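**Q** In our numbering, the protein residues as written are -1 to 153.
Below is a structure I'd like to ask you about.
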């Protein structure tokens, strides 16, 4: 049985494309996150005005390539082996996103905390989440993120 390098190519190209997109759109995502995290008690747009729109970018870049690489290897691998139809696309997206979001969610959580100014240190935030909530804390928001990502990827 020969190793199929097309899956590896899909992973590398998908990983690099995802890395570029994440870097370019990062300032807009930061603004969106700060608006969504604001409340009547705390206006994060005002309190984070002096913070860079790129706070947390290093966290995003650490996970972008592995996340997209994993997704595209799985997604294309499934699509290549099953009949081409909407069910196959949905199944490939579901499995690809389920696995890749397991990798992404812990650093996504940390990245968002950095974006809103909770801390600027990845290690401190990782320790804080683990010490406060345990391993489950890293997967807060996993289900809604998975639903969003599967629906996006399946279309």
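Glycine is no exception: its CB is placed at the ideal position from the N, C-alpha and C atoms.
Because the structure is a prediction, the values reported are computed rather than measured.
1. What separation, rounded to the nearest whole angstrom, lies between the Cα atoms of residue 51 and residue 79?
2. I need the DSSP call for residue 7, collapsed to helix, strand or coil.
3. Could you give the DSSP three-state label for residue 78: helix, strand or coil?
4. Going straight from the alpha carbon of residue 27 to that of residue 90, what length do you get?
5. Decide if residue 40 is buried, meaning its Cβ has at least 16 other Cβ atoms within 10 Å, or exposed.
6. In three-state DSSP terms, what is residue 83?
7. Given residue 68, which residues of its chain have a CB within under 8 angstroms of its CB, disregarding the five upstream and five downstream residues?
8. For a quick check, are the C-beta atoms of residue 15 and residue 66 less than 8 angstroms apart?
**A** In this structure, then:
1. For this step, residue 51 is matched to residue 53 along the chain shown. For this step, residue 79 is matched to residue 81 along the chain shown. Using only the alpha carbons, I get a separation of about 42 angstroms.
2. Sequence index remark: in the chain shown, residue 7 carries index 9 (1-based). In this structure, residue 7 counts as helix in the three-state DSSP scheme.
3. As a working note, residue 78 is residue 80 in the chain shown. Reduced to three states, the DSSP call for residue 78 is helix.
4. Stepping through the chain shown from its first residue, residue 27 is reached at position 29. Stepping through the chain shown from its first residue, residue 90 is reached at position 92. If you take the alpha carbons of residue 27 and residue 90, they lie about 26 angstroms apart.
5. In the chain shown, residue 40 corresponds to position 42, counting from 1. Per the 10 Å Cβ criterion, exposed.
6. If you number the chain shown from 1, residue 83 lands on position 85. In the structure shown, residue 83 sits in coil (DSSP, three-state: anything other than H, G, I, E or B).
7. Counting from 1 along the chain shown, the entry for residue 68 is found at position 70. Cβ within range, chain order: 9, 94, 97, 98 and 101.
8. Counting from 1 along the chain shown, the entry for residue 15 is found at position 17. Counting from 1 along the chain shown, the entry for residue 66 is found at position 68. It is a contact, given that the beta carbons lie within the stated cut-off.
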